[in-house]
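Chemist: Under my numbering, the residue at position 74 of the sequence shown is numbered 127, and the numbers go up by one with no gaps.
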Amino acid sequence: MKKTLRALAALLGYPSAELKENIGALRSALREEAVLAQPVLDALEPLLREFERKDLLDLQAAYSELFDRSRSLSLNLFEHVHGESKERGQAMIDLGQQYLEAGFFLESAELPDFIPVFLEYSSCLPVTEARAMVGRPAHVFAALAERLDERKAPQAAIFHALIAASGAKPDVEALADLKARLPEEDPSKIDEEWEEVPVTFNSGGAHQMGGPTGFTAKIRAANRNVKA
54 MKKTLRALAA
64 LLGYPSAELK
74 ENIGALRSAL
84 REEAVLAQPV
94 LDALEPLLRE
104 FERKDLLDLQ
114 AAYSELFDRS
124 RSLSLNLFEH
134 VHGESKERGQ
144 AMIDLGQQYL
154 EAGFFLESAE
164 LPDFIPVFLE
174 YSSCLPVTEA
184 RAMVGRPAHV
194 FAALAERLDE
204 RKAPQAAIFH
214 ALIAASGAKP
224 DVEALADLKA
234 RLPEEDPSKI
244 DEEWEEVPVT
254 FNSGGAHQMG
264 GPTGFTAKIR
274 AANRNVKA
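#1: Check F157 in the structure and name its three-state DSSP category.
#2: Under the assumption that P207 contacts E105 (Cβ atoms under 8 angstroms), give the Cβ distance between them as a whole number of angstroms.
#3: With a threshold of 8 angstroms, are at least 3 pairs of Cβ atoms found where one atom belongs to the segment 54-71 and the other to the segment 84-101?
#4: Can you tell me the Cβ-Cβ gap for L65 and I211, rounded? I've got them flagged as a contact below 8 angstroms.
#5: Check the C-beta distance from L89 over to A198 and give it rounded, since I have them as a contact under 8 angstroms.
#6: Using the beta-carbon count (16 or more within 10 Å), is R200 buried or exposed?
#7: Alpha carbon to alpha carbon, what distance is there between D224 and I146?
#8: Less than 8 angstroms between the beta carbons of L130 and P190, yes or no?
#9: From V282 to A144, what does the alpha carbon distance come to, in whole angstroms?
#10: Could you spell out the range, first to last residue, of the alpha helix (DSSP H) harbouring S219?
#11: Y120 to F167, Cα distance in whole Å?
#12: Hey, could you find the ends of the alpha helix (DSSP H) E132 is sitting in?
#13: Per DSSP, which one or two residues make a beta bridge with F167?
#14: Residues in the same chain with beta-carbon distance under 8 angstroms from G220, minus the five sequence neighbours each way, listed in chain order, please.
#15: Do you know whose CA, among E85, E118, L83, A229, lies nearest R204's CA?
#16: Going along the chain, which residues of its own chain have a beta-carbon closer than 7 angstroms to the beta-carbon of A209, five neighbours each way excluded?
#17: Please classify R141 as buried or exposed, where buried requires at least 16 other C-beta atoms within 10 Å of its C-beta.
#18: Pull up the distance between the alpha-carbon of L231 and that of L101, whole angstroms please.
#19: Restricting to Cα atoms, I'd like to know which of H133, L178, V134, L128 is closest to Y152.
#20: Looking at the unbroken alpha helix (DSSP H) that takes in A227, where does it start and where does it end?
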């Protein structure tokens, strides 16, 4: 499970020369661990082949066009769970605190709800707990898979693979709610939001917002010690 989650996390990160050079090893790790059924592995092949055949700059441009310019494809979980509501800040604090309590320290500027970071954390858990953790946002993964399928983007296979790896069935009502409230996609408005002060969190003290809500409350309820 560990190799599979880390491989899928890597594929969701910004394309790098290192990743491009090691796609063969990533493919082998996915197949050797055998967490995913053969049809799911086969569905990942078009994306893996893109990494092998396309120029790095083209891969990076395509990634930015998908994930940086479309809020409906945001790779931040709480963008979909909480949108711009005040609960999002508290959820970020709670998830960051859970990472710290488990000995999982973020070394980059990414927020704790960035899906590749979430998957890296989940990969440190025992298999049963990892499956449960990845399964909790299954409705978010299902919505992202559907939106990427509509765009004929090969990255859709990553989210189908995450659902398959977790063995979870996406919550029908939660998925319907996500579909009913698609975020703003006007590029000019997105640019305005980027200019605003980003959400910040500090795990060392109290916060003015309320207690854990939504997806994060469920995560904290299942918290266990982790050897990161």
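By construction, the Cβ of each residue, glycine as well, lies at the ideal position given by its N, Cα and C atoms.
Modeler: Taking the definition as stated:
#1: coil
#2: Contact flag wrong, Cβ pair sits at about 12 angstroms.
#3: yes
#4: 6 angstroms
#5: That belief does not hold up - the Cβ atoms of L89 and A198 are roughly 14 angstroms apart, past 8 angstroms.
#6: buried
#7: 25 angstroms
#8: yes
#9: Residue 282 lies beyond the range of the chain shown here (54 to 281); nothing can be said about it.
#10: 209-219
#11: The sequence shown places Phe at residue 120, not Tyr. Going by the C-alpha atoms only, they are around 12 angstroms apart.
#12: 130-134
#13: N129
#14: Leaving aside the five residues that flank G220 on each side, the residues in its chain whose CB is nearer than 8 angstroms to its CB run, in chain order, R184, G188.
#15: E118
#16: A198, L201, D202
#17: buried
#18: 29 angstroms
#19: L178
#20: 225-233
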